[in-house]
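Worksheet for the structure shown next.
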């Protein structure tokens, strides 16, 4: 394969990353880490305001690629069909750097990665929105995937896709409350699919922010 090129990112040091190794979390599946009340209500409201459509940013669009919902994205672009990662069209909004990353990057389960892309999904219960069960691409993004729930609750379904090998449960549904951070690594990332069934959006509206680190590939050469 061709060598990867790096993307300039904001530098995070011990001075601006909080040490959060001791904050409480749950691990309902091996490698699945759940941190409730990861942000405050005020921070949640700030983020929800910041992701509204603006003249110079990405717009909410109806999506049907892996379910039915609304979506927008920032940061580098993972082209799953062409297996390429290309430069950002829209930079990550400032709240990632001021609110989320100073807490997120201090977590051991993030394994030192710094997300350079995020996609937002908005689910509406009244519109029967859902997320098709899937396993995120193994090759374009690094192992840890972080997801922050905003505005409302859902049940996320994890289903073993490895025929039970080395896994404790074949299927489990996990309640994700507003302001909950979820980090998927290891078996939870690679041995289980994740999705949200129709009817498992509990409140009228739920917004999720999914964050990954995806190294840029050399333009036109694949990986």
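Numbering (my numbering), first residue to last: 20 to 242.
Yeah, the Cβ is synthetic: ideal placement off N, Cα and C, and Gly gets one too.
It should be emphasised that the depicted structure is a prediction, and the values quoted were computed from it without experimental measurement.
- Query: Excluding sequence positions up to five away, which residues of its chain have a Cβ less than 7 Å from the Cβ of residue 134?
  - Reply: Residue mapping note: residue 134 aligns to position 115 of the chain shown, counting from 1. So the qualifying residues of the chain are 165, 230, 231 and 232.
- Item | Through-space distance from residue 143 to residue 206, alpha-carbon basis | Taking the chain shown and counting its residues from 1, the one referred to as residue 206 is at position 187. Taking the chain shown and counting its residues from 1, the one referred to as residue 143 is at position 124. Roughly 30 Å between the two C-alpha positions.
- Nearest-angstrom Cβ-Cβ length linking residue 172 and residue 194, presumed shorter than 8 Å: Here residue 172 refers to the residue found at position 153 of the chain shown. Here residue 194 refers to the residue found at position 175 of the chain shown. At roughly 6 Å, the Cβ-Cβ gap stays under 8 Å, so residue 172 and residue 194 are in contact.
- How many Å lie between residue 74 and residue 126 at the Cα? Walking along the chain shown from the start, residue 74 turns up at place 55. Walking along the chain shown from the start, residue 126 turns up at place 107. The straight-line gap from Cα to Cα measures roughly 34 Å.
- Task: Check residue 224 in the structure and name its three-state DSSP category.
- Result: In the chain shown, counting from the first residue as 1, residue 224 sits at position 205. Judged by DSSP in its simplified three-state form, residue 224 adopts strand.
- Task: Select from 98, 149, 199 and 208 the residue whose C-alpha is nearest the C-alpha of residue 122.
- Result: On the chain shown, residue 122 is found 103 positions in, with the first residue counted as 1. Nearest option by C-alpha distance: 199.
- Item | Inter-residue CB distance, residue 210 and residue 192 (contact presumed, cutoff 8 Å) | Start at 1 with the first residue of the chain shown, and residue 210 comes out as number 191. Start at 1 with the first residue of the chain shown, and residue 192 comes out as number 173. Wrong, their Cβ atoms sit about 17 Å apart, outside the cutoff.
- Collapsed DSSP secondary structure at residue 165 in the structure displayed: Counting from 1 along the chain shown, the entry for residue 165 is found at position 146. Residue 165: strand per DSSP, three-state reduction.
- Message: According to DSSP, simplified to helix, strand and coil, what is residue 90?
- Response: Here the question's residue 90 lines up with position 71 in the chain shown. Three-state result, residue 90: strand.
- Beta-bridge pairing of residue 80 - partner residues as DSSP gives them: To locate residue 80, count along the chain shown from 1; it is residue 61. Its beta-bridge partners are 90.
- Message: Closer than 8 Å is the cut-off here; do at least three beta carbon pairs connect the region 102 to 113 with the region 42 to 61?
- Response: Counting C-beta pairs closer than 8 Å gives fewer than three between the region 102 to 113 and the region 42 to 61, which falls short of the contact rule.
- Helix, strand or coil for residue 50 per DSSP? Within the chain shown, numbered from 1, the residue matching residue 50 stands at position 31. Looking at residue 50 - three-state DSSP - the assignment turns out to be coil, as it is neither helix nor strand.
- Is residue 235 near residue 117, with beta carbons less than 9 Å apart? Translated into the one-based positions of the chain shown, residue 235 becomes position 216. Translated into the one-based positions of the chain shown, residue 117 becomes position 98. For residue 235 and residue 117, no; Cβs fall outside 9 Å.
- Task: Identify whether residue 191 lies in helix, strand or coil by the three-state DSSP scheme.
- Result: Counting from 1 along the chain shown, the entry for residue 191 is found at position 172. In the structure shown, residue 191 sits in a strand (DSSP, three-state: E or B).
- Task: For residue 139, name the three-state secondary structure that DSSP assigns.
- Result: The residue given as residue 139 occupies position 120 in the chain shown. In the structure shown, residue 139 sits in a strand (DSSP, three-state: E or B).
- In three-state DSSP terms, what is residue 152? To locate residue 152, count along the chain shown from 1; it is residue 133. Residue 152: strand per DSSP, three-state reduction.
- Message: Just to confirm my understanding: we take residue 161, look at its own chain, exclude 5 residues before and 5 after, and list those with CB closer than 6 Å. What are they?
- Response: By one-based count along the chain shown, residue 161 stands at place 142. For residue 161, where only same-chain residues beyond five positions count, the Cβ hits under 6 Å are 132 and 232.
- Comparing alpha-carbon positions, which option in 222, 217, 136 and 47 lies nearest residue 85? In the chain shown, counting from the first residue as 1, residue 85 sits at position 66. It is 217 whose Cα lies nearest to the Cα of residue 85.
- Sorted by chain position, which residues of the same chain lie with C-beta nearer than 6 Å to residue 97's C-beta, five sequence neighbours on each side aside? Here residue 97 is taken as the residue at index 78 of the chain shown, counted from 1. Within the same chain, residue 97 has close Cβ partners 104, 159 and 233.
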